[in-house]
Every structure is written in C-alpha cells, then in structure tokens.
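First residue of the sequence shown: 20, per our numbering; consecutive thereafter.
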Amino acid sequence: MENSVFDPNTKLVAVYYNEGKSTNLFRIPTDVTLFGLKSQLNQINLELNYRDTRWVDGVEYRRPSTDSLEVCGSPE
Numbered sequence: 020m021e022n023s024v025f026d027p028n029t030k031l032v033a034v035y036y037n038e039g040k041s042t043n044l045f046r047i048p049t050d051v052t053l054f055g056l057k058s059q060l061n062q063i064n065l066e067l068n069y070r071d072t073r074w075v076d077g078v079e080y081r082r083p084s085t086d087s088l089e090v091c092g093s094p095e
C-alpha cells in the first residue's frame, strides 16, 4: 500500500461515474473551482486509462443540508 502525506489544504471528495453507479474518492485542493475540478478529473482519467477518450461533461457540487440536497452545476 502506498503511503500518502496528509495536506490540510485538501478535501476528500466522492466522484460518481456512470450516473452514480460507481464511486471513487479523490483529494482536491480546497481552493479549486468547479471548472478547475473538471479539468483535473479529465487529467486523472487520461493518466489512469489513456485509451478512454471520454471527457467529463459536467460537475455538480452536492452538500447535504437540513432541508434537502443543494446542487450547483458547473458552467459549460
């Protein structure tokens, strides 16, 4: 198993693929924008599976609240 150094300027995020059927966890910088996250996910995909030519087509921010689930989409 690979040891990783904890960076307090990052947050653990869940990334859902295949309409929520698959989940991966990643650490991202706390100051990343949704547009920046979209670019980072494309880069991760190219590194993990260079044959996969698909790109991330949307990013949502989800935060549980007391009333409901708040969702904000990324600008296209």
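Backbone N, C-alpha and C define an ideal beta-carbon position, used for all residues, glycine too.
Since the structure is predicted, the reported quantities are computational estimates derived from the model, not experimental observations.
Check	Outcome
Nonlocal neighbours in the same chain, by C-beta distance under 7 Å from Asn61, ignoring five residues either side	Trp74 and Val75
Val78, buried or exposed, once every other Cβ within 10 Å from all chains shown has been counted against 16	buried
Neighbourhood of Ile47 by C-beta, 8 Å cutoff - its chain only, sequence neighbours within 5 removed	Thr29, Lys30, Val32, Leu56 and Gln59
Where Asn43 sits in the DSSP three-state scheme	strand
8 Å Cβ shell around Ser41 - same chain, five flanking residues per side excluded	Tyr35
Check whether Tyr80 and Leu53 have beta carbons under 8 Å apart	yes
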